[in-house]
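Going by my numbering, the first residue of the sequence shown is number 1127, and it counts up by one from there.
Note that CB positions come from ideal geometry on N, CA and C, so glycine has one too.
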Amino acid sequence: MYKVLEKAFADSPGKRKVVEALLRYGLRVEEKGSIFCAEIELSPAKMARALGVDRRVVIETGQMIARDDELYGILSQLLPTAFIGKVADKLGFESIEIRAEPHQKGIVAKVATVVSDRGIVIRQIVADDPDIYPEPKLTLILEKRLDGATIDRLRRIKGVKEIVIR
């Protein structure tokens, strides 16, 4: 997790769990401490149940964030993003997951170059943040299937460990 958030929630594993969910799902805190997914207010009890914490932990976390200018400045601006990776095939696209060294520079650029050199349009590209996801991956949603030669070129990119075609 990011250092500023790690420091603020180091003493409370439950609150840390709530903050990790805020980051992972793009949930935001509003000025009174309520938690929203875009414009939809979430129930603290249901969120708590999903995270395995007490509802009071969810409420206290939201209120703590709302009172802290630095935390609020970060966690009040998050937005959820539609990720079509799990339904790409149903939409007529191919989904490719690439696991790579999380701090290797240039992987996204090199992958995008290899794919575009083949004349394939990238509909969506999502790179998991290694501070939020323990096993980050790069997911590409492509308009066409990749051929074997292109997959081999992707495998040869420095830092790439594994490629999974969904």
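Return helix, strand or coil for residue i, following the three-state DSSP convention.
i       : result
SER1242 : helix
ILE1289 : strand
LYS1133 : helix
ILE1283 : coil
ASP1273 : coil
For residue i, count neighbouring Cβ atoms within 10 angstroms of its own Cβ and tell me buried if that reaches 16, exposed if not.
i       : result
THR1239 : exposed
ALA1226 : buried
PHE1209 : exposed
ILE1222 : buried
LEU1217 : exposed
ILE1302 : In the structure as shown, the chain begins at 1127 and stops at 1292. Residue 1302 is therefore absent and cannot be evaluated.
GLY1245 : exposed
THR1265 : buried
ALA1164 : exposed
ILE1267 : buried
Would you say residue i faces chain D, with C-beta separation under 8 Å as the test?
i       : result
GLY1232 : The structure shown contains no chain D, having only a single protein chain.
Can you give me the C-alpha to C-alpha distance between residue i and residue j, rounded to a whole angstrom?
i       : j       : result
ILE1283 : ASP1255 : 19 Å
LYS1172 : VAL1155 : 16 Å
ARG1182 : ALA1192 : 15 Å
ASP1273 : VAL1234 : 19 Å
ASP1215 : GLY1152 : 25 Å
ARG1249 : GLU1269 : 7 Å
Would you list, in sequence order, the uninterrupted beta strand (DSSP E) runs of no fewer than 3 residues that lie entirely inside the region 1206-1271? 1220-1226, 1248-1253, 1264-1268
Enumerated in chain order, which unbroken segments of the beta strand (DSSP E) with a length of 3 residues or greater are wholly contained in the region 1135-1209? 1161-1163
Touch check for the region 1141-1153 and the region 1164-1182: three-plus C-beta pairs under 8 Å? yes
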